[in-house]
Amino acid sequence: MDINMVPTFDVLSPAQAIEALPYLLSYQPDGPDGMVFILAHDTLRDRPLFCQKFDLPGDKGNPNEAAHHMMHNTLHRMEEFATGPTNVLLYLCASRQDARDGHAAMTRHRALADALLLSAEAHGIDTLAAMFVTPTHWWAYHHANPNYRHEGMPVDGPDNPGVVTMNARAVGIPTPPSEAEIVAAFEPVTGKEAEIQRAAIQRAVADRAARVQASSFDAETERLTVILDRLLLGGGDGTPLESLTPGQTAELIVGLRHRPLRDVAIGYIEPAELPRARELWALLARRCASATTTLVAAPLALAAFTAAVAGDVPAALIALQRAHTADPRYLLVRLLMEAIALTGSVDDIADGIRQERADRLRGHDS
Numbered sequence: 474m475d476i477n478m479v480p481t482f483d484v485l486s487p488a489q490a491i492e493a494l495p496y497l498l499s500y501q502p503d504g505p506d507g508m509v510f511i512l513a514h515d516t517l518r519d520r521p522l523f524c525q526k527f528d529l530p531g532d533k534g535n536p537n538e539a540a541h542h543m544m545h546n547t548l549h550r551m552e553e554f555a556t557g558p559t560n561v562l563l564y565l566c567a568s569r570q571d572a573r574d575g576h577a578a579m580t581r582h583r584a585l586a587d588a589l590l591l592s593a594e595a596h597g598i599d600t601l602a603a604m605f606v607t608p609t610h611w612w613a614y615h616h617a618n619p620n621y622r623h624e625g626m627p628v629d630g631p632d633n634p635g636v637v638t639m640n641a642r643a644v645g646i647p648t649p650p651s652e653a654e655i656v657a658a659f660e661p662v663t664g665k666e667a668e669i670q671r672a673a674i675q676r677a678v679a680d681r682a683a684r685v686q687a688s689s690f691d692a693e694t695e696r697l698t699v700i701l702d703r704l705l706l707g708g709g710d711g712t713p714l715e716s717l718t719p720g721q722t723a724e725l726i727v728g729l730r731h732r733p734l735r736d737v738a739i740g741y742i743e744p745a746e747l748p749r750a751r752e753l754w755a756l757l758a759r760r761c762a763s764a765t766t767t768l769v770a771a772p773l774a775l776a777a778f779t780a781a782v783a784g785d786v787p788a789a790l791i792a793l794q795r796a797h798t799a800d801p802r803y804l805l806v807r808l809l810m811e812a813i814a815l816t817g818s819v820d821d822i823a824d825g826i827r828q829e830r831a832d833r834l835r836g837h838d839s
């Protein structure tokens with residue numbers, strides 16, 4: 474994911490670069506998945522230019538291939554900006570499992586760090602530093618101070634604020650929320666509940682096919698639209714969403730894979746509807762019973778859109794990243810990513826969607 478919203482405070486040391494990371498991401502990097510985060514810095518204007526985020530390759534991945542992909546992508550972004558001399562900061566952020574033994578994880582990911590440094594050099598990109606980060610400690614690869622390599626340095630942040638945190642508070646920048654807490658809202662159900670839900674989804678696929686054959690796709694979309702209107706329109710009918718049965722959520726999950734229903738679903742963004750819409754899309758994401766099925770892309774994209782409309786950009790970014798991982802070809806996800814990266818909001822998209830919804834509701838009234 475490309476993020477162009479970079480805070481304007483100064484970063485004068487590796488410790489401050491680590492402390493600035495949550496502000497660059499818009500959330501504290503304490504989630505379950507590791508990542509490589511690249512900050513490009515415009516040396517002529519002495520300011521951040523853009524940021525990019527990549528999945529941290531697993532132990533079985535080829536570090537040289539992964540590094541080449543990341544640096545090639547970064548160079549392409551630099552060319553898009555048509556900027557002058559640019560250098561980069563490389564952050565290797567630990568997964569939840571890595572964070573249990575940060576020093577061992579730092580050592581294990583050294584091959585990737587070295588490959589990134591070599592690839593940056595091969596692409597003509599100067600590197601300021603390559604650092605490994607857990608929620609509590611950080612290390613710098615190839616740094617003269619052995620403390621940075623062995624014992625690890627404590628991460629400054631909300632509980633032990635350093636210069637970056639204090640400056641951010643002084644200008645009213647809020648403390649970035651926890652990635653782990655945001656991700657928890659979208660975690661798939663497990664165990665017996667997951668088995669029941671997967672079986673319900675399989676039945677929903679078969680039942681939907683039978684209904685479409687007996688009537689039409691339009692009739693099926695209209696049937697599910699009536700359900701969504703009952704649950705959400707104008708604040709909905711008050712039905713506790715958690716009380717929806719596996720069968721009821723399964724038919725919505727399967728139906729949202731069809732774009733016409735998704736285009737109806739994205740319209741529930743008026744103030745009275747947003748809280749329940751966000752709750753429903755997160756519920757459907759969880760009840761997909763998997764973080765990797767392509768079915769989860771639609772509810773996660775809807776969750777991201779409603780979060781962005783509500784001004785919760787960190788939740789929107791995390792939901793979009795998870796949706797992109799599940800289905801990299803899902804066009805709505807890419808559209809929302811680009812809108813947030815370029816403008817920091819989805820206001821223009823929301824305006825168009827409100828007009829489409831008004832047309833739909835007028836059609837019902839006529």
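This note's numbering puts the sequence shown at residues 474 to 839.
Ideal Cβ placement from N, Cα and C applies to all residues, glycine included.
Nothing here was measured: the structure is a model prediction, and the numbers come from that model.
Go to residue i, then tell me how far its beta strand (DSSP E) extends in each direction, as first and last residue.
{"i": "H610", "result": "610-613"}
{"i": "D599", "result": "599-606"}
{"i": "L815", "result": "Element bounds for L815: not the beta strand (DSSP E) but the alpha helix (DSSP H), 804-816."}
{"i": "V561", "result": "559-566"}
Beta carbon of residue i, beta carbon of residue j: below 8 angstroms?
{"i": "Q675", "j": "R760", "result": "no"}
{"i": "L734", "j": "L697", "result": "yes"}
{"i": "V699", "j": "R833", "result": "no"}
{"i": "I511", "j": "L565", "result": "no"}
{"i": "A758", "j": "L747", "result": "no"}
{"i": "A776", "j": "R751", "result": "yes"}
{"i": "A811", "j": "G635", "result": "The amino acid at residue 811 is misidentified as Ala; the sequence shows Glu. Going by C-beta atoms, E811 is not nearer than 8 angstroms to G635."}
{"i": "R795", "j": "A762", "result": "no"}
{"i": "A488", "j": "M626", "result": "yes"}
DSSP on residue i, reduced to helix/strand/coil?
{"i": "A762", "result": "coil"}
{"i": "V844", "result": "No information on residue 844 is available, as it lies outside the stretch 474 to 839 that the chain covers here."}
{"i": "S499", "result": "coil"}
{"i": "T663", "result": "coil"}
{"i": "S716", "result": "helix"}
{"i": "I742", "result": "coil"}
{"i": "H542", "result": "helix"}
{"i": "G711", "result": "coil"}
{"i": "I822", "result": "helix"}
{"i": "T633", "result": "This sequence places Asn at residue 633; Thr is not what is there. Coil."}
{"i": "A658", "result": "coil"}
Which residues does DSSP pair with residue i in a beta bridge?
{"i": "R520", "result": "D515"}
{"i": "D528", "result": "M508"}
{"i": "M626", "result": "W611"}
{"i": "S651", "result": "Q501"}
Apply the 10 Å Cβ neighbour rule to residue i and answer buried if 16 or more other Cβ atoms are within range, or exposed otherwise.
{"i": "T694", "result": "buried"}
{"i": "M544", "result": "buried"}
{"i": "S855", "result": "Not covered by the structure: residue 855. The range shown for the chain is 474 to 839."}
{"i": "I476", "result": "Unreliable positioning characterises I476 in this predicted model, as indicated by a pLDDT of 40, which lies under 50. A coordinate reading is not provided."}
{"i": "R499", "result": "Position check: residue 499 holds Ser in this sequence, whereas Arg was assumed. The residue in question, S499, is buried, as its Cβ has 16 or more Cβ neighbours within 10 Å."}
{"i": "F554", "result": "exposed"}
{"i": "M474", "result": "Per-residue confidence for M474 stands at a pLDDT of 37, beneath the threshold of 50, marking its modelled position as unreliable; the derived number appears in the next sentence. Buried."}
{"i": "T712", "result": "exposed"}
{"i": "H514", "result": "buried"}
{"i": "A586", "result": "buried"}
{"i": "G630", "result": "buried"}
Start and end of the alpha helix (DSSP H) containing residue i?
{"i": "V786", "result": "786-799"}
{"i": "L773", "result": "770-782"}
{"i": "D574", "result": "It is not in any alpha helix (DSSP H) - D574 carries neither H nor E in the DSSP assignment."}
{"i": "N535", "result": "It is not in any alpha helix (DSSP H) - N535 carries neither H nor E in the DSSP assignment."}
{"i": "E594", "result": "583-595"}
Mind checking whether the beta-carbon of residue i lies closer than 7 angstroms to any heavy atom of the ligand COA?
{"i": "R759", "result": "Here there are no bound small molecules, and the ligand COA is not part of this structure."}
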